[in-house]
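Beneath this line is the structure, given in structure tokens, with notes to follow.
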Amino acid sequence: MKVLRRRLHELKRLREFIYLDEVSVTSLLASILGAIPSEITEKLTNSTRSETSGGGEYKLASGKVNAGKKREVTRTSDYQVLRKASIQATFKDLYASVESSLLVRSGHLPELKPAVRRRIRNASPGGVEIAPWIFNSAVLKRGQLLELEVELRADAIFRTSTIISSMTNIIGQSPALAAEIDTQEMRTAIEINGFIEELMAGLIPIKCQVLDYEISSITGHDYIVHSSLFSELPLIYRRNRKPLHLVGVVEEALFWKDIRRVLFSSSPVKVLCRVGRDRVQDSWSPVKLVDVLKEVIPDMESAMDDFGPSALRALTGGVDDNRDVSQLREAALIRYGELLVDSQGLTMPADLRSRIAEIASTRSSQLGSVTANRIVFGEVAECVSNGISRQFAPGDLAGLRGQAMSQFGLMVDGSLSVRPENSSGRLDEVVEGKFIDAEIVAIYW
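If you're matching positions, the sequence shown starts at -3 in this note's numbering and goes up one per residue.
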């Protein structure tokens, strides 16, 4: 009976792996158990023994003689099976070792007792913690293991990059199609996409919404709350209720299934992961090298943010808009000069305003790519710097440039941004909530 129950329990644990990091699995298990066997030998020995005996008593003239006979036969059979320990078996051993210590574990939670429910209902704001139902995010420490049920989804920048790469291959095989969409926007999108692919270097950023937990900020603290518990909590918890997201970077080579099937399907899966940064985060950068490159390319982050809408608009033929792009670009250049002067707490001299207006009038037609924009806006910055005898930091110049362009509905490449009522060019809605930044060990269902 015990064997049957154990077998039924194992059947409930059948896993279909989507992603598995063998190095992480073996490293974690080795830290718990020490040496991990690479091969397991099972030996079964059967031994059979039989014995026969016989004898009698014989009378002779001189007396009696006893005679006997004994025969013994032994048969031995050995069965030896050599089984290599696979990564699936190693993961099973790891999960069995850490299951009881997981801070968060997906699946059905134990039933709350009535006394505990009353305690939750009567709790003052931020005054209750009952793990794993509700707990302060401050307990999330780097290296802790979590199992979360999420909606598997790649970050928008990867999905956009994949679409652009596929379209580039198709365009390369069809001269007629290439002639139809050979625009400056499309060429810029392809150039930026090539740069992004180099930055990713075989890594895929994922941004998944957690299905069974949400975040609620109370009295300056972020509480991670099981979704089914909000009805038991005071109203203030529900008012501050926001989604919780799991973010991280995975290796493309470690997926066990075609990434186009799993990363674009938003399927519910379980993720075993390790906390990468303490607590929950307010923001997350999908391309890690962007933070480093911001020191030498200040507007790199703006280019990444605008890449998706700009690239997909180029594929879909642009946005139907009655606004004159050239006038908007000219106005953005003038506004840029004003922002530079305002940042120094000064008033714009009339002669400087005239020089800026002249540059904007004659050079606005040359805007239309990231490189051209940087050159033309640089002329305005140099004009202002000479006019007021002040120097500007590269980061400040990039920030004010982006601010001036966004005020007039322009993206980093000088094109019109996608209007809110037009979904073309948007793969991701504005993400609210907070993020658990983690290192992914396994994805399965």
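By construction, the Cβ of each residue, glycine as well, lies at the ideal position given by its N, Cα and C atoms.
As assigned by DSSP and simplified to three states, the class of residue i
i      : result
Gly103 : coil
Trp441 : coil
Ser220 : Correcting the residue identity first, residue 220 is Ile in this sequence and not Ser. Here Ile220 sits in strand by DSSP.
Gly244 : strand
Asp274 : coil
Asp89  : helix
Ser419 : Note that Ser419 scores a pLDDT of 40, beneath 50, so its modelled location is shaky; the value from the coordinates is reported in the next line. Ser419: coil per DSSP, three-state reduction.
Glu428 : coil
Ile14  : strand
Pro239 : strand
Leu195 : helix
Leu259 : coil
Ile436 : strand
Leu136 : coil
Phe404 : coil
Ile126 : strand
Inter-residue spacing [alpha-carbon to alpha-carbon] between residue i and residue j
i      : j      : result
Gly391 : Glu354 : 25 angstroms
Val221 : Arg386 : 51 angstroms
Phe226 : Val437 : 30 angstroms
Glu375 : Gly405 : 21 angstroms
Gly139 : Arg275 : 12 angstroms
Arg359 : Thr158 : 35 angstroms
Ser279 : Leu24  : 28 angstroms
Leu231 : Ser212 : 11 angstroms
Arg234 : Phe373 : 47 angstroms
Gly395 : Ile330 : 15 angstroms
Arg237 : Pro201 : 25 angstroms
Leu229 : Glu143 : 24 angstroms
Tyr219 : Ser357 : 54 angstroms
Gly168 : Thr367 : 24 angstroms
Ala150 : Ile352 : 43 angstroms
Arg349 : Glu378 : 13 angstroms
Ile432 : Leu99  : 13 angstroms
Arg183 : Lys253 : 32 angstroms
Arg256 : Ala389 : 42 angstroms
Asn369 : Leu393 : 12 angstroms
Arg11  : Pro110 : 34 angstroms
Val243 : Leu207 : 14 angstroms
Ser322 : Gln362 : 9 angstroms
Gln84  : Ala31  : 17 angstroms
Asn318 : Gly333 : Here the model assigns Asn318 a pLDDT of 44, short of 50, so the residue's position is not dependable and the matter cannot be decided.
Val135 : Glu125 : 11 angstroms
Pro171 : Leu324 : 34 angstroms
Gly314 : Glu247 : Low local confidence applies: a pLDDT of 48 at Gly314 is under 50, so the model's placement there is unreliable, and no value is given.
Lys88  : Leu199 : 26 angstroms
Whole-Å CB distance - residue i paired with residue j, under 8 angstroms assumed
i      : j      : result
Gly410 : Gly364 : 5 angstroms
Glu435 : Cys269 : 6 angstroms
Met407 : Ala328 : In fact, because the Cβ distance is near 11 angstroms, the residues do not count as touching under 8 angstroms.
Glu193 : Pro239 : Not confirmed; about 29 angstroms, so no contact.
Ile153 : Pro282 : 5 angstroms
Phe260 : Arg155 : 7 angstroms
Val265 : Tyr91  : Going by Cβ atoms, the distance from Val265 to Tyr91 rounds to 15 angstroms, so no, they are not a contact pair.
Glu430 : Gln277 : According to the sequence provided, residue 430 is Lys. The question's Glu does not apply to it. Sure, about 6 angstroms apart at Cβ, within 8 angstroms.
Ala185 : Ile160 : 6 angstroms
Delimiting residues of the beta strand (DSSP E) encompassing residue i
i      : result
Gly202 : Here residue 202 turns out to be Ile, not Gly, going by the sequence shown. 199 to 214 is the span of the beta strand (DSSP E), which, as asked, contains Ile202.
Lys266 : 264 to 271
Leu24  : Element bounds for Leu24: not the beta strand (DSSP E) but the alpha helix (DSSP H), 18 to 29.
Ile130 : 130 to 132
N-terminal and C-terminal residue of the alpha helix (DSSP H) that residue i is part of
i      : result
Phe154 : 152 to 168
Val146 : Note, Val146: premise wrong, no alpha helix (DSSP H); beta strand (DSSP E) at 141 to 147.
*Identify every run of the alpha helix (DSSP H) within the region 321 to 367, keeping only runs that are complete inside it and at least 4 residues long; order them along the chain.*
321 to 339, 346 to 359
*Would you list, in sequence order, the uninterrupted beta strand (DSSP E) runs of no fewer than 3 residues that lie entirely inside the region 365 to 400?*
none
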